Structures are given as C-alpha cells and as structure tokens.
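**Q**
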Amino acid sequence: MLVSHLCPTNSLLAPRQQPAVRRLGPFKSSAAHSSERVLNAALMIGGDTVMISDTVPGSGIGRDSNIRVVLDYDDVDEMIRAFGAMAEGGEVTMELHQAFWGATFGVLADRFGIKWMFQGPAKPD
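Numbering (our numbering), first residue to last: 138 to 262.
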C-alpha cells in the first residue's frame, strides 16, 4: 500500500494495552463471518493512529465504491508533503485549498484507486 510514502517507519501498535490486531473470532455475530477477519487494527503513521478493519462478506466493496480515508493533520507542511507523495501515480480530484470551514483540504485517489481526503490547519499567509 502507498502508506509507506507517508512515513517509512509505519508500525502496528497496541493502543491502551490492547492487541494491535483483534480478530473477529470471539465477536462474530454469524457463521458467515470468518473468525480470521480483522475486527480492528491500529496502524501508527507518524504520531497518529489509523484504525482499519476487514469488510463484511458480500458488502460489494470495490475499486470504485470503496470508502474515503480522512487524514487529519496538525502540521500543514507535513500534510502538503504527504499529499504530494500520495498523488504520485494517482489522480488529484481536489487540489489542496482553503476550505470554507477554515481548514486546508484536498482529495486524491492514490495509484491503487484508494480515495484519500486530507485536512489540516489553514496555511499561514
């Protein structure tokens, strides 16, 4: 995945003394859900945590219907750098700009078709 462009030292972590990856096993609600599916996992990117999970079987998730991942930055320069790295080989659908709610905001699809929304503080004048 292109996450390595954001931070070359990405790692799984265990938030609040929990396992870094929790499987659906003991939580499964029906036999249709494999106990090996990931209920949630924490991925550390820089100083931030991204929570991820497997999809539900039959959900119809595909290249053009997947979710948008929102990355919320405290450092606008780091956001600009990450946006540029993630845009390589992908498609920028909304350039970084000052949004009406006061944030710097932009949207892109990376080279794998994953859609990302970037949000951070307003750029200093």
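Note that the Cβ used here is the ideal one computed from N, Cα and C, for glycine as well. No experiment lies behind these values; they were computed from the predicted model shown.
#1: Span of the beta strand (DSSP E) holding Phe237?
#2: With distances taken from CA atoms, which of Gln235, Phe237, Leu245 is nearest Leu208?
#3: Going along the chain, which residues of its own chain have a beta-carbon closer than 6 Å to the beta-carbon of Ile251, five neighbours each way excluded?
#4: Should Trp253 and Arg205 be called a contact, given that it needs their Cβ atoms to be closer than 9 Å?
#5: Could you check the C-alpha separation between Gly257 and Arg218 for me, to the nearest Å?
#6: Just to confirm, is the Cβ distance from Gly221 to Arg248 under 9 Å?
#7: I'd like to know whether the C-beta atoms of Ala224 and Thr241 end up nearer to each other than 9 Å.
#8: What does the Cβ neighbour count give for Gly184, buried or exposed, with the cut at 16 atoms within 10 Å?
#9: Go to Asp209, then tell me how far its beta strand (DSSP E) extends in each direction, as first and last residue.
#10: Classify Asp212 as helix, strand or coil using the three-state DSSP reduction.
#11: So, helix, strand or coil for Phe220, using DSSP?
#12: Which residues mark the beginning and the end of the beta strand (DSSP E) in which Ile257 is found?
#13: If distances are taken between C-alpha atoms only, which option among Val187, Gln235, Ala178 comes closest to Val115?
**A** Result, derived from the coordinates:
#1: Unbroken run through Phe237: none, as it is neither H nor E.
#2: Measuring from the Cα of Leu208, the nearest candidate turns out to be Leu245.
#3: Answer for Ile251: no residue qualifies.
#4: yes
#5: 12 Å
#6: Against a cut-off of 9 Å, the Cβ pair of Arg248 and Gly221 comes out as no contact.
#7: no
#8: exposed
#9: 205-209
#10: In the structure shown, the three-state DSSP call for Asp212 is coil.
#11: helix
#12: The sequence given here has Gly at residue 257, not Ile. Start and end: 252-257.
#13: Because the chain here runs from 138 to 262, residue 115 falls outside it and cannot be looked at.
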